[in-house]
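Here is the structure we will look at.
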Amino acid sequence: MEGKRISNNEVVKILEEILAAMEIKSANSFRIRAYQNAVSILDNLTVSIYDLWENKKLQEIPGVGPGIAAHLNELFSTGQVAEFEQAKEDLPEGMFEFLELRGVGAKRAFKLASAFKINSRENARERLLEAGEAGKIRNLEGFGEKTEEKIIDAIKEQKKSKNEKQRMLLTHAEQIVERIKEHMVKCKEVKEVVACGSFRRRNPTVGDLDIPISTTNPEKAIKHFLKFDEILEVVNQGEKKATVILKNDIQVDIYMSTPEAFGSMLQYFTGSKQHNILLRTYALSKGMSLSEYGIKKGGKLKEYANEEDFYKELGLPCIVPELRNGNYEIEAAKENKFPKLITPEDIKGDIHVHTELSDGVNTIEEMVEKAKALGYEYVGITDHAPSVSSRGMGTVLKMVSDTRKKIEEINESQKDIKVLFGYEVNILVDETLGLPDDILKDLDIVIAGIHAAFDQDKGKITARYLAALNNPYVDVLSHPAGRMINERDGTDPDWRKVFDAARESNKILEINAQPDRLDLPDDLIKEAIEWGVKLIINSDAHALEQMDFMKYGVFNARRGWAESKDIVNTLPYKEFVKELGIG
DNA sequence: GCCGTTTTCGGCCCGACTGTTTTCAGTCG
-14 MEGKRISNNE
-4 VVKILEEILA
6 AMEIKSANSF
16 RIRAYQNAVS
26 ILDNLTVSIY
36 DLWENKKLQE
46 IPGVGPGIAA
56 HLNELFSTGQ
66 VAEFEQAKED
76 LPEGMFEFLE
86 LRGVGAKRAF
96 KLASAFKINS
106 RENARERLLE
116 AGEAGKIRNL
126 EGFGEKTEEK
136 IIDAIKEQKK
146 SKNEKQRMLL
156 THAEQIVERI
166 KEHMVKCKEV
176 KEVVACGSFR
186 RRNPTVGDLD
196 IPISTTNPEK
206 AIKHFLKFDE
216 ILEVVNQGEK
226 KATVILKNDI
236 QVDIYMSTPE
246 AFGSMLQYFT
256 GSKQHNILLR
266 TYALSKGMSL
276 SEYGIKKGGK
286 LKEYANEEDF
296 YKELGLPCIV
306 PELRNGNYEI
316 EAAKENKFPK
326 LITPEDIKGD
336 IHVHTELSDG
346 VNTIEEMVEK
356 AKALGYEYVG
366 ITDHAPSVSS
376 RGMGTVLKMV
386 SDTRKKIEEI
396 NESQKDIKVL
406 FGYEVNILVD
416 ETLGLPDDIL
426 KDLDIVIAGI
436 HAAFDQDKGK
446 ITARYLAALN
456 NPYVDVLSHP
466 AGRMINERDG
476 TDPDWRKVFD
486 AARESNKILE
496 INAQPDRLDL
506 PDDLIKEAIE
516 WGVKLIINSD
526 AHALEQMDFM
536 KYGVFNARRG
546 WAESKDIVNT
556 LPYKEFVKEL
566 GIG
């Protein structure tokens, strides 16, 4: 199928505009909800909607039925949707530029654009800003001085962060959460502080922080929270919740709960939204209604101090946060068919570690000591391979033999840990590898990865991966999706071909644990496992402390439903080397 | 418009906060 490739973000934006149009025209509220539901699912999809369309799998997306699928089909085939264009025809076009402003929804956007006759998208926000600064917004019915001020702020805020606000990395969020916790425990009435939301689900990136607080004195706890010295601005505060913006531009929402009802609070704010919607729908079918305060049964509210009891009431096992993504977890829970997810303690070694011999900062000895401290049975020293073309074969051969000698010495001098020797070699544009087979064949480990020319088309990227997988000396494909979170999208090979080739050649795909890579991504991990592909989690550390990144790789693997049997570096040394065909 | 553990027809998630109102609409999570 040949069509117009439109990104997920663009698709979501188009649907959000249609949603706004429907709301203004008071379309059937259930139809609106169906669209909202579909949009929220599409927005959280990590696979390309366009690709799903190409493979005729649109209707496999939950929330997308024949109607929306037909519209998307038209969108991808022709670049627009006639019905959508029609629905937007008699609306002032400028309003669609207002939807992204904080505190402005469909109704206000429409009123504003209509009142000031802002009929085109061009300069729409600037014109609204002008109207606001001239004090004209406050005179509109339903608006007032404060709303005017908020709209002005929202436009300025948008201008400031022209590119949509980036979500922070999980590791960054962890540090902020730690500081908030440290502050909150100083309040005696605070019993528990748990950061929920995407943070607790171990999403690779976190937007806002949602933090339920278990307390015997909500008033005092909120007051105490507002004294946190990193707060820049209090957006709102009530008796049960408060919203603030921190100096680093991160929004934090706190919610007060009694210890007796803390379980439902945790459940509710851990989400995901989609998980909760599905869970509520399921509960409803059993005559129960869920909220952050508990479960209502026959009009009576019952509270839950912990999440286990909450899920138990629904007849379900407690679903681990990493799986609460609204995919298949509730189905699995109903049948009690959960994988026994891998844990950080299962990891027995790390075979993707760089040293000062390439772009790392520490020596081989230092990295080995750190691996020992982590309790590993083995560690692989796998620097970037020296380039034959720039150094010449003679120099490269000497570097390889020197490094090998050093590693042999380390292995002879101690028995606590086995050190393996290998390289991370580039998969070059011409589909060859960065080192000749003659050198590769004597290495313990060969990790092949793409480090340049990521933006080749699907066919070429796929061919490079297949060539690497067909090399008999390659063991592992590093960071296969090639993404750098917040910096660049991944490469986009034909994953089925890559998975097939990996399985057939008994090669291993890496789950790179660098917080800004987490590559493979979780959805591809799940797919790879289903296709029978073996995986390994590596830190790709370039410094001592980066070896601690392993846990992020494990979190990511858990989000991809991985068990320890799916991850080869959970194997003890003897079985691991057998798996890799070493020795 | 979507979807199925009472359903292929007839339902569809819930509550807090703000600002503008004087009983509530709009927005957000």
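When we follow our numbering, the leftmost residue of the first sequence carries the number -14, and every step to the right adds one.
Backbone N, C-alpha and C define an ideal beta-carbon position, used for all residues, glycine too.
Around the C-beta of A119, fewer than 16 other C-beta atoms lie within 10 Å, and the residue is accordingly described as exposed.
In this chain, A290 is not harboured by any alpha helix (DSSP H), its DSSP state being neither H nor E. Apart from sequence neighbours up to five positions away, the residues of its chain that approach Q21 with a beta-carbon distance below 8 angstroms are L4, ordered along the chain. The C-alpha of K297 lies about 11 angstroms from the C-alpha of A318.
Annotation: P197 is outside any alpha helix (DSSP H); the continuous beta strand (DSSP E) that includes it extends over 194 to 200. Taking F254 as reference, the option from I239, E245, L263, T243 with the minimal CA-CA separation is I239. When secondary structure is reduced to three states using DSSP, T266 falls in the helix class. Out of G127, A19, E70, N29, the CA that lies nearest to the CA of I53 is found in A19. The beta carbons of I336 and N554 sit closer together than 8 angstroms. According to the DSSP secondary-structure assignment, K519 is paired through a beta bridge with I493.
For G300, there is no enclosing alpha helix (DSSP H), as DSSP marks it with neither H nor E.
Here M469 is bridged, per DSSP, to R473. As summarised for the region 412 to 483, the continuous beta strand (DSSP E) elements at least 3 residues long and confined to that stretch are 430 to 434, given in chain order.
Around the C-beta of D344, fewer than 16 other C-beta atoms lie within 10 Å, and the residue is accordingly described as exposed. For M273, same chain residues with a beta-carbon under 8 angstroms away, outside a window of 5 residues either side, are I280, K281, K282, E298, L299 in chain order. Apart from the 5 residues on each side of it in sequence, E512 sits with its Cβ closer than 8 angstroms to the Cβ of W480, F484 in its chain, given in chain order. Counting only residues of its own chain and dropping the five nearest sequence neighbours on each side, I510 has a CB closer than 8 angstroms to the CB of I496, L520, N541, A542, R544, G545, W546, A547.
Taking C-beta separations shorter than 7 angstroms and ignoring five residues to either side along the sequence, the partners of E362 in its chain run K333, G334, I402, K403, P557, Y558, following chain order.
Straight-line measurement puts the Cα of E307 at about 7 angstroms from the Cα of R185. Taking every protein chain shown into account, the CB of T63 has fewer than 16 other CB atoms within 10 angstroms, so this residue is exposed. For Q236, the secondary structure class from DSSP, reduced to helix, strand or coil, is strand. Assigned with DSSP and collapsed to three states, H260 falls in helix. The criterion of a C-beta distance shorter than 8 angstroms is satisfied by Y267 and I315. Looking at the DSSP output, H369 bridges to E409. Residue environment for D440: exposed (fewer than 16 other C-beta atoms within 10 angstroms of its C-beta). For A116, there is no enclosing beta strand (DSSP E); the residue is found in the alpha helix (DSSP H) stretching over 109 to 118. Just measuring C-alpha positions, the residue of L264, P329, K285 sitting nearest L301 is L264. Of the residues assessed, Q531 falls on the buried side of the cut-off, its CB having 16 or more other CB atoms within 10 angstroms.
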